[in-house]
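A.B. asks:
Residue numbers (this note's numbering): 71 to 230.
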């Protein structure tokens, strides 16, 4: 891979002295999902975490990271985050809230600091991938390091 410019997410990890690698892949506007990213970089879908931005009826905006091949349990996330209800935000509001666009949203270095929740399986992963804050670019790091870097709360967040 040609040397790419550092993203804010990478700078955040550098600032925290977190060890990571980066990998890139060809992206397509119709394939912005994390499952495509996992296939493209050759990692299992349960080790590639997608970043979701939601809004709670009591707490406002929040972030959830779950494995690429899973679906968020909105009721469980609402309970854990102190809300009665949480919903996905509209895509058009993603950039103003996070500083990122769809398909390139990282849980690191968002425009505003938001409460972050990660599926508990991340703690068992020696190596995971998450968006580096740019389409086609993934950060590879340990799951516990990402939890620490984002000050995330871990819990069961996926549908059974």
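Think of the CB as a built atom: it goes at the ideal place given N, C-alpha and C, for glycine as much as any other residue.
Quick one: what's residue 120 bridged to in DSSP?
C.D. replies: For residue 120, which the question treats as bridged, DSSP gives the partners 136.
A.B. asks: Beta-carbon within less than 6 Å of residue 186's beta-carbon, same chain only, minus the 5 sequence neighbours each way: which residues are those?
C.D. replies: Excluding residues within five positions, the ones whose Cβ falls inside 6 Å are 133, 177, 220, 222.
A.B. asks: Using only the alpha-carbon positions, how far apart do residue 167 and residue 129 sit?
C.D. replies: Taking the straight line joining both Cα atoms gives about 14 Å.
A.B. asks: Tell me the residue span of the alpha helix (DSSP H) that contains residue 168.
C.D. replies: 164 to 168 is the extent of the alpha helix (DSSP H) around residue 168.
A.B. asks: Going by C-alpha to C-alpha distance, which of 126, 136, 165, 216 sits closest to residue 120?
C.D. replies: Nearest option by C-alpha distance: 136.
A.B. asks: Please return the same chain residues whose Cβ sits closer than 7 Å to the Cβ of residue 204, not counting the five positions on each side in sequence.
C.D. replies: Answer for residue 204: 77, 174, listed in chain order.
A.B. asks: Residue 224 and residue 180: beta carbons closer than 8 Å?
C.D. replies: Contact: no.
A.B. asks: Mapping the DSSP letters down to three states, classify residue 218 as helix, strand or coil.
C.D. replies: Helix, per DSSP.
A.B. asks: What span of residues does the beta strand (DSSP E) with residue 84 cover, start to end?
C.D. replies: From DSSP, residue 84 is part of no beta strand (DSSP E) but of the alpha helix (DSSP H) over 78 to 85.
A.B. asks: So what does DSSP say about residue 171, is it helix, strand or coil?
C.D. replies: It is coil, neither helix nor strand.
A.B. asks: Check each candidate in 158, 211, 196 and name the one with the smallest Cα separation from residue 202.
C.D. replies: That would be 211, whose Cα lies nearest to the Cα of residue 202.
A.B. asks: Have a look at residue 184 and residue 131 and give me their C-alpha separation to the nearest angstrom.
C.D. replies: Distance between the alpha carbons of residue 184 and residue 131 is about 7 Å.
A.B. asks: Using CA atoms only, rank isn't needed, just tell me which of 191, 206, 154 is closest to residue 116.
C.D. replies: If we check each option's Cα against that of residue 116, 191 comes out closest.
A.B. asks: In this structure, how does DSSP classify residue 89 when only helix, strand and coil are distinguished?
C.D. replies: It is coil, neither helix nor strand.
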